[in-house]
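Below is one structure; the comments refer to it alone.
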Amino acid sequence: MLTIHDIVEKLGLDVKAQGDLQKDVAGCYISDLLSDVMANSKDHDLWVTLQTHPNVVAVAVIKGISGVIITNNRTPEAETVKKAEMEKVTILTSPHSTFDIAGRLYQLLMSGSDK
Amino acid sequence: MASNRRTIEGCFQLMGGAFAGAGAASSELKTVLMSLGVPQGIVRRASIAAFEAEMNVIIHAVAGTLHYEVTPAKIHIDVTDMGPGIEDIDLAMQEGYSTAPDWVREMGWGAGMGLPNIKRNADAFKLDSVVGEGTTLEINIFLTEENYADNT
Ligand SMILES: Nc1ncnc2c1ncn2[C@@H]1O[C@H](COP(=O)(O)OP(=O)(O)OP(=O)(O)O)[C@@H](O)[C@H]1O
Ligand SMILES: [Mg+2]
């Protein structure tokens, strides 16, 4: 199974807050609606979103998210980074769009799953 | 063990609009449940329900309190607020119904999924409201002796 570290390398992501980079990535959930992520994400998912505020960290912790990828060149708020470091949640950023990141992740995670 | 019989409780003040502090109550509850050896699936259900309840006070009300109580029989969470109240509770329970203002929706809240999430994760759920006064929410998640394996 791929780890967050593998994903960071393969997608060239910036690490804004570092949790456990050796965490496994089981899948991915993409949504900018927080209650939707609360309902539908799964343990060890990556979460791809445009949201940058601190509530993202609280949702990630409760749901056991392995890491958060913020797309489209957005940066997490300073408070978000602080909270993420405290809670050991990995926050990553990319200049690419959610579509591009999703496409790459789909390839990586799907080819990883039939090994 | 005598400690098996104890009740652990906590109480938090919640303020409308105080988004940055959201999650304090649910994360303390989570820590308590994990220290009691409650299975992860149940801890997660309680955390989701408590967090969505906190958010609803922060988003929709003026001020409120969240109180939790954990016994060997159940996790009990009650949330009381002063605020606008809910006119039509059946409508509020429908997935997708939200009165959240635009700036709250831009943060990704206001999908109209919080109350359905709470209900789905609770074993018992009670929502009461008086328009112009406030709202009370009561959540119970039942535990069994094996699920409350406090072996400290
Ligand atoms: N404590 C409350 N006080 C007043 N109104 C409330 C309260 N909780 C919920 N409501 C009403 O019920 C509606 C539905 O609540 P629900 O939690 O399902 O969705 P939401 O909070 O609008 O969005 P989401 O939970 O997806 O962020 C709210 O939009 C609001 O009109
Ligand atoms: Mg809500």
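One line per chain: the protein sequences are X and V, in this order. Numbering of the first sequence is given in this note's numbering, commencing with residue 1 and proceeding in unit increments. Numbering of the second sequence is given in this note's numbering, commencing with residue 1001 and proceeding in unit increments. Where a beta carbon is used, it is the ideal one built from N, C-alpha and C, also for glycine.
- Please report how far the alpha carbon of V:Thr-1136 lies from the alpha carbon of X:Thr-3, in whole angstroms. Rounded to whole angstroms, V:Thr-1136 to X:Thr-3 spans 43 angstroms at the Cα level.
- Within chain X, partners of V:Trp-1103 - CB distance below 9 angstroms: Simply none; closest approach about 12 angstroms.
- Work out the CA separation of X:Leu-50 and V:Glu-1106 for me, nearest whole Å. Going by the C-alpha atoms only, they are around 10 angstroms apart.
- Near X:Gly-19, which residues of its chain fall below 6 angstroms by C-beta distance, leaving aside the five closest residues on each side in sequence? For X:Gly-19, where only same-chain residues beyond five positions count, the Cβ hits under 6 angstroms are Lys-88, Val-89, Thr-90.
- Residues within the region 67-82 of chain X neighbouring chain V, beta-carbon criterion of under 9 angstroms: The region 67-82 of chain X vs chain V, Cβ under 9 angstroms: Glu-79.
- Message: Within 8 angstroms of any Cβ in chain V, is that where the Cβ of X:Leu-34 sits?
- Response: Closer than 8 angstroms: yes.
- Task: Answer yes or no: does any C-beta atom of chain V fall closer than 8 angstroms to that of X:Ile-62?
- Result: By this cut-off, X:Ile-62 is an interface position.
- Taking any Cβ of chain V, which residues in the region 11-38 of chain X have a Cβ under 9 angstroms from it, in chain order? For the region 11-38 of chain X, the set of positions with a beta-carbon nearer than 9 angstroms to some beta-carbon of chain V reads Ser-31, Asp-32, Leu-33, Leu-34, Ser-35, Asp-36, Val-37, Met-38 in chain order.
- Thinking C-alpha only, which one of V:Pro-1039, V:Ala-1046, V:Leu-1014, V:Ala-1020 is nearest V:Ala-1124? Ranked by Cα distance from V:Ala-1124, the options V:Pro-1039, V:Ala-1046, V:Leu-1014, V:Ala-1020 are led by V:Ala-1046.
- Item | Amino acids of chain X, ordered along the chain, whose beta-carbon sits closer than 8 angstroms to that of V:Phe-1051 | When 8 angstroms is used as the limit between beta carbons, V:Phe-1051 is near these residues of chain X: Met-38, Ala-58, Val-59, Ile-62, in chain order.
- Task: Entirely within the region 9-83 of chain X and at least 3 residues each: give me those beta strand (DSSP E) ranges in chain order.
- Result: If you keep only unbroken beta strand (DSSP E) runs of at least 3 residues inside the region 9-83 of chain X, you get 14-17, 27-30, 45-49, 67-70.
- Query: Using the beta-carbon of each residue, which ones in chain X are nearer than 8 angstroms to V:Ser-1026?
  - Reply: Neighbours of V:Ser-1026 in chain X, taken as residues whose beta carbon is under 8 angstroms from its own, are Ala-58, Ile-62 in chain order.
- Query: Any idea if X:Lys-23 is buried or exposed, counting beta-carbon neighbours within 10 angstroms, 16 or more meaning buried?
  - Reply: X:Lys-23 should be labelled buried.
- Members of the region 1015-1049 of chain V that neighbour chain X once the beta carbon cut-off is set at 8 angstroms: Listed by position along the chain: Phe-1019, Ala-1020, Ala-1022, Gly-1023, Ser-1026, Ser-1027, Lys-1030, Arg-1044, Ser-1047, Ile-1048.
- Measure the Cβ-Cβ separation of X:Leu-92 and X:Val-56 and say whether it is below 8 angstroms. Contact flag unset, no.
- Message: Considering only the alpha carbon of each residue, which of V:Ala-1111, V:Ile-1075, V:Gly-1110, V:Asp-1081 lies closest to V:Met-1034?
- Response: In terms of Cα proximity to V:Met-1034, the closest of V:Ala-1111, V:Ile-1075, V:Gly-1110, V:Asp-1081 is V:Ile-1075.
- Message: For V:Asp-1102 and V:Thr-1031, what's the separation of their Cα atoms in angstroms?
- Response: Taking the straight line joining both Cα atoms gives about 34 angstroms.
- Item | V:Leu-1066 - partner residues in DSSP beta bridges | Answer is V:Phe-1012, V:Val-1079, bridged to V:Leu-1066.
- Message: Taking 7 angstroms as the cut-off, is the C-beta of V:Met-1055 nearer than that to any heavy atom in ligand 2?
- Response: It does: the Cβ of V:Met-1055 is within 7 angstroms (strictly closer) of some heavy atom of ligand 2.
- Query: Which of helix, strand or coil does DSSP assign to V:Val-1038?
  - Reply: The three-state secondary structure of V:Val-1038, taken from DSSP, is coil.
- Query: Is V:Met-1082 closer than 8 angstroms to V:Ala-1053 when the C-beta atoms are compared?
  - Reply: Taking 8 angstroms as the Cβ cut-off, V:Ala-1053 and V:Met-1082 do not qualify as a contacting pair.
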